[in-house]
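For the sequence shown, counting from 1, position 227 maps to 242 in the working numbering; every step adds exactly one.
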Amino acid sequence: MAGRAPVRTPRAPRTPKRPGRPRTPVVRENPARRLADRVRRAWDRPLTAYYLIFGASLLITALGLVMVYSASMIQALQLNLAASYFFRKQFVAAVLGAVLLLVAMRMPIKLHRALSYPILAVSVFLMVLVQVPGIGRSVNGNQNWIYLGGPFQLQPSEFGKLALVLWGADLLARKQDKRLLTQWKHMLVPLVPVTFMLLGLIMLGGDMGTAIILTAILFGLLWLAGAPTRLFAGVLSVAAVLGVILIKTSPNRMARLQCIGATEPGPGDSCWQAVHGIYALASGGFFGSGLGASVEKWGQLPEPHTDFIFAITGEELGLAGTLSVLALFAALGYAGIRVAGRTEDPFVRYAAGGVTTWITAQAVVNIGAVLGLLPIAGVPLPLFSYGGSALLPTMFAIGLLLAFAREEPAAKAALAMRQPRVRWNTMRRRVKARSSGER
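Next comes the structure, spelled out in structure tokens:
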């Protein structure tokens, strides 16, 4: 008997597939481009300049305190002083400078403008006192100090830089408001004559380095004011001629000029300091000999904690340490230029540009002398070298930059959004009132 054929159950009809959307290919973003976009957005934030100024100046000052202690301890011991003598004085100056920084940062801009004339008058008065016998004191051949008693001295020419920045910015801002800067006589007078008066008082004491920084501030203010090329070149030519005359008439300055790029001390050891600064940098290598392990500070390199502290930094911290210092000054200069470029207030633009010119020009002159690229001018490295007279006005100027960075409209809005909105309420314990009969 034949078997039955298997019964096939009918299958359910297949539902037609819906046409799906075409898959878009996943494009992977380049990590380098993503990082560049993040960096660009971070640079464009309204508080970038504020944090750069604050962070860079704080790190430079802190590292400077460490290097002042390391570079000055041997010289202090040779003078029969405590090893931390110069460090303690610099630390006290840094604390006072921090107070000045906070005061300048919180002061309104109108008050800064109001103080420009008193600061200029006091600076000129102190510079005149320097030349009075019995009051002024000569240090390393420069008659630019006032003895205050004990171990404390004051160099009024350092405060002259701050006075020129504030007074010049206020003068140019008022003339710009009246639309007078289009006339060359209003651009030059009285800015250039007052600057030359300050330069004359400084050069009476023989301080060529400070005179160079004041000249740089003058050129920075004229450039920000939009001085035409002919006018700018004319002032520069006059300053160059005066500089050549001052150098030619001084054998000491001629000797310093001849030490540019020197590799040997020369006859009479005239280039001793310049050459040993190069020796200190060359012996540091990439990461240095170690903090406190400098050899040149043992009497070989003059002024190891003031003018040539950058050389000791290169010897102990190496190329990494010197590049870090250069990067911090570059960040500080960039932030100052950004503050000056983004403001609409003419006083803020001139003052921020003047402070930035002052700090960057002084850093270039100091580091260039240590590297043997410029003559030794005897100016300290801002915020880094030993010297309270230089540190106090510089930290006040940093406070100015911070105040200007906070005054930007976008920065104001960002700071207002970051203010704490949480209200702290005291938790009070509620106790049920009891009658006088209850115990």
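Note that beta-carbon positions come from the ideal geometry of N, C-alpha and C, so glycine has one too.
Subject >> DSSP state of Leu267 mapped onto helix, strand, coil >> reply: Looking up residue 267 in the sequence shown gives position 252. In the sequence under discussion, the amino acid at residue 267 is Asn, which differs from the Leu named in the question. Note: Asn267 maps to helix in three-state DSSP.
Original post:
From Val253 to Gly383, what does the alpha carbon distance come to, in whole angstroms?
Top reply: Sequence index remark: in the sequence shown, residue 253 carries index 238 (1-based). Sequence index remark: in the sequence shown, residue 383 carries index 368 (1-based). Cα-Cα distance, rounded: 24 angstroms.
Original post:
Between Leu272 and Ala378, what straight-line distance do the alpha-carbon atoms span, to the nearest angstrom?
Top reply: Position 257 of the sequence shown holds residue 272. Position 363 of the sequence shown holds residue 378. If you take the alpha carbons of Leu272 and Ala378, they lie about 18 angstroms apart.
Original post:
Can you name, in chain order, every residue of its own chain whose Cβ lies under 7 angstroms from the Cβ of Thr372, other than the five neighbours on each side?
Top reply: If you number the sequence shown from 1, residue 372 lands on position 357. Taken in chain order, the residues that qualify are Ala231, Ile232, Gly235.
**OP:** Report yes or no: do three or more beta-carbon pairs, one from the region 273-290 and one from the region 399-416, lie closer than 8 angstroms?
**Re:** no
Original post:
Is Ile75 closer than 8 angstroms to Leu343 when the C-beta atoms are compared?
Top reply: Stepping through the sequence shown from its first residue, residue 343 is reached at position 328. Stepping through the sequence shown from its first residue, residue 75 is reached at position 60. Closer than 8 angstroms, so yes.
**OP:** Take every Cβ of the region 388-402, pair it with every Cβ of the region 215-228, and state whether three or more of those distances are shorter than 8 angstroms.
**Re:** yes
Original post:
Between Val259 and the rest of its own chain, which residues show a CB-CB distance below 7 angstroms, the 5 nearest in sequence each way excluded?
Top reply: Translated into positions along the sequence shown, residue 259 becomes position 244. Once the five neighbours on either side are set aside, Val259 has no close Cβ partner at all.
Original post:
Which same chain residues, not among the five before or five after Ala109, have their C-beta less than 7 angstroms away from its C-beta?
Top reply: By one-based count along the sequence shown, residue 109 stands at place 94. Here the set comprises Thr76, Leu80, Leu406.
**OP:** Note down the Cα distance separating Leu296 from Val256, rounded to an integer number of angstroms.
**Re:** Position 281 of the sequence shown, counted from the start, is the residue given in the question as residue 296. Position 241 of the sequence shown, counted from the start, is the residue given in the question as residue 256. Distance between the alpha carbons of Leu296 and Val256: 34 angstroms.
**OP:** Kindly indicate which residue of Leu78, Ser138, Pro266, Leu195 has the alpha-carbon position closest to the one of Met212.
**Re:** The count along the sequence shown starts at 1 and reaches residue 212 at position 197. It is Ser138.
**OP:** Kindly indicate which three-state DSSP category Val256 falls into: helix, strand or coil?
**Re:** Locating residue 256 in the sequence shown gives position 241, counting from the first residue. It is helical.
Original post:
Going along the chain, which unbroken runs of the alpha helix (DSSP H) with 4 or more residues stay wholly within the region 319-384?
Top reply: 324-357
**OP:** Look up Gly307 in the DSSP assignment and say whether it is helix, strand or coil.
**Re:** Mapped onto the sequence shown, residue 307 falls at position 292. Gly307: coil per DSSP, three-state reduction.
**OP:** Starting from the Cα of Gly156, find the closest Cα among Val340, Arg268, Arg357 and give me that residue.
**Re:** As a working note, residue 156 is residue 141 in the sequence shown. Among Val340, Arg268, Arg357, the Cα nearest to that of Gly156 belongs to Arg268.
Subject >> CA-to-CA distance, Ala289 to Val145, given in whole angstroms >> reply: What you label residue 145 is simply residue 130 of the sequence shown in a count that begins at 1. What you label residue 289 is simply residue 274 of the sequence shown in a count that begins at 1. Near 29 angstroms, if we compare the C-alpha coordinates of Ala289 and Val145.
**OP:** Indicate whether Ile217 and Ser172 have their beta-carbon atoms separated by less than 8 angstroms.
**Re:** Here residue 217 corresponds to residue number 202 of the sequence shown, with the count starting at 1. Here residue 172 corresponds to residue number 157 of the sequence shown, with the count starting at 1. Going by C-beta atoms, Ile217 is nearer than 8 angstroms to Ser172.
**OP:** Compute the Euclidean distance between the alpha carbons of Val437 and Tyr162, then round it to the nearest angstrom.
**Re:** Here residue 437 is taken as the residue at index 422 of the sequence shown, counted from 1. Here residue 162 is taken as the residue at index 147 of the sequence shown, counted from 1. Confidence at Val437 is low in this model, with a pLDDT of 47, below 50, so the placement of that residue is unreliable and no value is reported for it.
Original post:
Leu141: which of Ala178, Leu115, Met120, Ile124 sits nearest, CA to CA?
Top reply: The residue you call residue 141 lines up with position 126 of the sequence shown. Cα-wise, what sits closest to Leu141 is Ala178.
**OP:** Classify Gly215 as buried or exposed, calling it buried when 16 or more other Cβ atoms lie within 10 Å of its own Cβ.
**Re:** Taking the first residue of the sequence shown as 1, we reach residue 215 at position 200. Classification for Gly215: exposed.
Original post:
How would you call Asn381, buried or exposed, if buried means at least 16 neighbouring beta carbons within 10 angstroms?
Top reply: Taking the first residue of the sequence shown as position 1, residue 381 is located at position 366. Flag for Asn381 reads buried.
**OP:** Just mark Asn159 as buried or exposed, buried being the case when its beta carbon has 16 or more other beta carbons within 10 Å.
**Re:** Along the sequence shown, one-based indexing puts residue 159 at 144. Asn159 should be labelled buried.
Subject >> Complete runs of the beta strand (DSSP E) confined to the region 73-112 [at least 3 residues] >> reply: none
Original post:
Phe53 to Val114, Cα distance in whole Å?
Top reply: As a position in the sequence shown, residue 53 is number 38, starting the count at 1. As a position in the sequence shown, residue 114 is number 99, starting the count at 1. According to the sequence as given, residue 53 is Arg; it is not Phe. Their backbone Cα atoms lie some 35 angstroms apart in a straight line.
Original post:
With a cut-off of 8 angstroms, do at least 3 Cβ pairs link the region 316-330 to the region 93-100?
Top reply: no
Subject >> Beta-bridge partners of Gly164, as assigned by DSSP >> reply: As a first step, residue 164 must be located in the sequence shown, where it is residue number 149. Answer is Phe167, bridged to Gly164.
Subject >> Terminal residues of the beta strand (DSSP E) in which Ser153 lies >> reply: In the sequence shown, the residue the question calls residue 153 occupies position 138. Element bounds for Ser153: 151-154.
Subject >> Proximity to Phe399 [Cα-Cα], best of Val340, Gly369, Ala425 >> reply: On the sequence shown, position 384 is the one that residue 399 refers to. Nearest option by C-alpha distance: Val340.
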